[in-house]
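Student:
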Amino acid sequence: MLNIHNLSVSFGGEYLFEEISFRLNAGDRVGLIGKNGAGKSTLLKLLSKDMPFDSGTIATEKDVKIGFLRQDIDFEQGRTVLEEAYHAFEEIKALEGKLDKINHQLVERTDYESEGYHQLMVDLNDFTHHYEIIGGYNYQGETEKILQGLGFRREDFDKKTETFSGGWRMRIELAKLLLQSNDVLLLDEPTNHLDIESIIWLEQFLTNYSGAVVIVSHDKMFLDNVTNRTIEISLGRIYDYNKPYSQFLKLRGEIKVQQLSAQKNQEKEIQQAERLIEKFRAKSTKASMAQSLIKKLDKMERIEVDQDDNAVMNLRFPISITPGKVISEIQDLSKSYGDNLVLQNIDLLLERNSKTAFVGQNGQGKSTLAKILVGELEHEGECKLGHNVQIGYFAQNQAEYLDGKKTVLDTMIDAANEKNRSKVRDILGSFLFRGEEVDKYVKVLSGGERNRLALAKMLLQPFNVLVMDEPTNHLDIKSKNVLKQALQSFEGTLILVSHDRDFLQGLTNKVYEFKDRKIKEYLGDIEFYLEQRKVNDFRAIEKQKSLAVKKVKTTKQSNTFQDQKKQKSLKNKLSTVESKISALEKEIGKIDHELLMDYDATIAKPNFFDSYQGKKKDLEDLMGIWEAITIDLEKLS
106 MLNIHNLSVS
116 FGGEYLFEEI
126 SFRLNAGDRV
136 GLIGKNGAGK
146 STLLKLLSKD
156 MPFDSGTIAT
166 EKDVKIGFLR
176 QDIDFEQGRT
186 VLEEAYHAFE
196 EIKALEGKLD
206 KINHQLVERT
216 DYESEGYHQL
226 MVDLNDFTHH
236 YEIIGGYNYQ
246 GETEKILQGL
256 GFRREDFDKK
266 TETFSGGWRM
276 RIELAKLLLQ
286 SNDVLLLDEP
296 TNHLDIESII
306 WLEQFLTNYS
316 GAVVIVSHDK
326 MFLDNVTNRT
336 IEISLGRIYD
346 YNKPYSQFLK
356 LRGEIKVQQL
366 SAQKNQEKEI
376 QQAERLIEKF
386 RAKSTKASMA
396 QSLIKKLDKM
406 ERIEVDQDDN
416 AVMNLRFPIS
426 ITPGKVISEI
436 QDLSKSYGDN
446 LVLQNIDLLL
456 ERNSKTAFVG
466 QNGQGKSTLA
476 KILVGELEHE
486 GECKLGHNVQ
496 IGYFAQNQAE
506 YLDGKKTVLD
516 TMIDAANEKN
526 RSKVRDILGS
536 FLFRGEEVDK
546 YVKVLSGGER
556 NRLALAKMLL
566 QPFNVLVMDE
576 PTNHLDIKSK
586 NVLKQALQSF
596 EGTLILVSHD
606 RDFLQGLTNK
616 VYEFKDRKIK
626 EYLGDIEFYL
636 EQRKVNDFRA
646 IEKQKSLAVK
656 KVKTTKQSNT
666 FQDQKKQKSL
676 KNKLSTVESK
686 ISALEKEIGK
696 IDHELLMDYD
706 ATIAKPNFFD
716 SYQGKKKDLE
726 DLMGIWEAIT
736 IDLEKLS
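Whatever position you read off the sequence shown (first residue = 1), add 105 for the numbering used here.
(1) Is DSSP giving residue 677 helix, strand or coil here?
(2) Whole angstroms are fine: how far does the CA of residue 466 sit from the CA of residue 589?
(3) Once DSSP output is grouped into helix, strand and coil, what is the label at residue 368?
(4) Distance check for residue 495 and residue 432, CA to CA, integer angstroms please.
(5) Between the Cα of residue 164 and the Cα atoms of 204, 152, 175, which residue gives the shortest distance?
(6) Quick one: Cα of residue 277 to Cα of residue 310, how far?
(7) Output needed for residue 137: all residues of its chain with C-beta closer than 6 Å, excluding positions within five of it in sequence on either side, in chain order.
(8) With respect to the alpha helix (DSSP H) encompassing residue 162, which residues constitute its N-terminal and C-terminal limits?
(9) Thinking C-alpha only, which one of 215, 611, 456, 324 is nearest residue 351?
(10) If you run the structure through DSSP and keep just helix, strand and coil, what is residue 222?
(11) Secondary structure at residue 619, three-state DSSP: helix, strand or coil?
(12) Within the region 433 to 508, note down every full alpha helix (DSSP H) run reaching 4 residues or more, in order along the chain.
(13) Have a look at 226, 211, 280 and flag the residue whose alpha-carbon is nearest the alpha-carbon of residue 245.
(14) Quick one: give me the first and last residue of the beta strand (DSSP E) that residue 209 is part of.
(15) Could you tell me the alpha carbon to alpha carbon distance between residue 370 and residue 344, rounded to whole angstroms?
(16) Between residue 673 and residue 286, what straight-line distance do the alpha-carbon atoms span, to the nearest angstrom?
(17) Are at least three pairs of beta-carbons, each pair with one atom in the region 591 to 601 and one in the region 566 to 580, less than 8 Å apart?
(18) When DSSP builds the beta bridges, which residues end up paired with residue 265?
(19) In whole angstroms, what is the alpha-carbon distance linking residue 168 and residue 732?
(20) Considering residue 557, what are the terminal residues of the beta strand (DSSP E) in which it resides?
(21) Since residue 303 contacts residue 356 with CB under 8 Å, what's their CB separation in whole angstroms?
(22) Are the beta-carbon atoms of residue 745 and residue 402 separated by less than 8 Å?
(23) Please classify residue 549: does DSSP put it in a helix, a strand, or coil?
(24) On the three-state DSSP scale, how would you describe residue 728?
(25) Taking the alpha carbon of residue 420 as the point to measure from, which residue in 670, 182, 534 has its own alpha carbon closest?
(26) Which value, in whole angstroms, describes the spacing of the CA atoms of residue 499 and residue 300?
(27) Would you check if the distance between the CB atom of residue 551 and the CB atom of residue 141 is smaller than 8 Å?
(28) Going by C-alpha to C-alpha distance, which of 548, 530, 729, 231 sits closest to residue 540?
(29) Is the number of C-beta pairs between the region 698 to 707 and the region 223 to 240 that are closer than 8 Å three or more?
(30) Closest to residue 202 by C-alpha separation, out of 233, 616, 125, 212, would be which residue?
(31) Less than 8 Å between the C-beta atoms of residue 626 and residue 615, yes or no?
(32) So, with DSSP's three-state summary, where would you put residue 357?
(33) Nearest CA to the CA of residue 456: which residue from 489, 483, 107?
(34) Between residue 602 and residue 472, is the Cβ-Cβ spacing less than 8 Å?
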């Protein structure tokens, strides 16, 4: 499908990667991994032809269609969720426009015996046939199926896209991508804004996908469940193995051990040869032997050991002042968005130095309660903060608050105060922004680099309570581990909203599960919570729920899809019948007018009465068909 050969890209005179080569085939599900800034998103942009490269080639087989899920999405305002999703079907929508135009002309025209009218009937038949072949009767049902799989409810379909958060707009874009008949899918962080149920659904979809997929993700479980191949970008090179992520790490580790062993043996051999050369060089009788050994060493291909990029950020959250024993007291709290009641009559007491996890599906109120705690949302009921409480808040879309027109350094200086302004460069250095990197504009940073900058910016403000909503989105696996270590060392009060079991493990001592507008307390860590739920991870909870409703849901969806297909077919038939009725009524009306003006001359025409009665009979039959179709449509509606 795609053949990449000796591809090189540089920025500011330094190569991001140099002369990399690989091939993508149908059925390849590639996990593209590497640290933040290694070039993963750049490589996707190159494959999608969104940006040029310095040298090399990207050869594509004829008619290969490539779909790219970008991190930055820009929708046209005013469209509903369904309308935006339907833009995945450009050919079908174009055909619908042609069919509507033809049906409109058939109703208005009266030249029934002309070649033009006949051609319209031929075009109607051809376009209708092609419309059916390319899935015109199925696309609406398929669209609803994909949207529901990604977490949308039916009542969301007619809402404007601009009323949804960036995460939900990302889901609409993902739905459009999955609905298109692409041969290659390029997915940049597809799970960042998905809850566990939607991630499970996406895993199943991609596992059954027949084309090639390249996925940038830092979700280890997702990569292991979906991919069958891993390509790592590290220090300008790629490492390509036909293994999912965890197996790749193990295999690459084993290969590195073998390389080290082989390199060690080779160095011994080289040292032995060099000793012999020195020994033989002084003796004229052994000079030829010394020259032979020198030539052997020159020809020897030196064994290289794969180098790892082990640079990681240095993160430590300091405590400002000691707060009172009670951090926050919530009583009878409720929150709704319009008619959507998210939280109802919540009571919660957060104490000093507690480590709390908020878990549950998207839309159950976790982020809402976090925003209420930090004073970002109005609500009903009480939410009181304790004495000397200073909150540091990392929002789920924290990176979106950064100004893309500022440099990394300016972003930090503007957020600093007189006491810590002199430490800005040191803080940036500990977050891997060194040298000229501090002069980069925020808009050119990768998603992970923006998250690192947002974390660095947090350290400029004092706090003793840390509220973090999905902080690992966009962070590479090594950075996630560094963040986890920093949170384990944090001596203040911690509230974490996350779907990531590996990340939560060992971080909290209390879990609140959000479900059906309520919260349920579990006095233990995330392992205790999962044990109480009798499952191994969050995915198993969602699978338990899915199994309970899967049979009913599948039956309903199947019936819905069949009904929609039948409804579309009936509407087209109805349109054709109405066109014929209109044409016949005009013909009969014309004859009636002729009878009124000159009765004798009109009835004197050959076979007049047979033709006249035949047209009336045809009209009666068509009216009967029209009535039957209308009744069938009403039943389906």
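Don't be surprised by glycine CBs; every beta carbon is placed ideally from N, CA and C. The structure presented is a predicted model; accordingly, all values stated were derived computationally and were not measured.
Tutor: Result, derived from the coordinates:
(1) In this structure, DSSP gives residue 677 a helical state, which the three-state scheme calls helix.
(2) 22 Å
(3) helix
(4) 9 Å
(5) 152
(6) Approximately 16 Å, taken between the alpha carbons.
(7) 145, 319, 321, 336
(8) Element bounds for residue 162: not the alpha helix (DSSP H) but the beta strand (DSSP E), 160 to 165.
(9) 324
(10) helix
(11) strand
(12) 471 to 478
(13) Considering only alpha carbons, the answer is 280.
(14) No beta strand (DSSP E) holds residue 209; the alpha helix (DSSP H) holding it covers 195 to 213.
(15) 24 Å
(16) 21 Å
(17) yes
(18) Its beta-bridge partners are 185.
(19) 46 Å
(20) Looking at the DSSP string, residue 557 is not in any beta strand (DSSP E); the run it does join, the alpha helix (DSSP H), is 552 to 563.
(21) Actually they are not in contact, since the Cβ atoms of residue 303 and residue 356 sit about 31 Å apart, beyond 8 Å.
(22) What is shown of the chain runs 106 to 742, which leaves residue 745 out entirely.
(23) helix
(24) Helix, per DSSP.
(25) 534
(26) 19 Å
(27) yes
(28) 530
(29) These segments do not touch.
(30) 233
(31) With respect to residue 615, residue 626 sits close: the two C-beta atoms are nearer than 8 Å.
(32) Residue 357 falls in the helix class under three-state DSSP.
(33) 489
(34) At the C-beta level, residue 602 and residue 472 come within 8 Å of one another.
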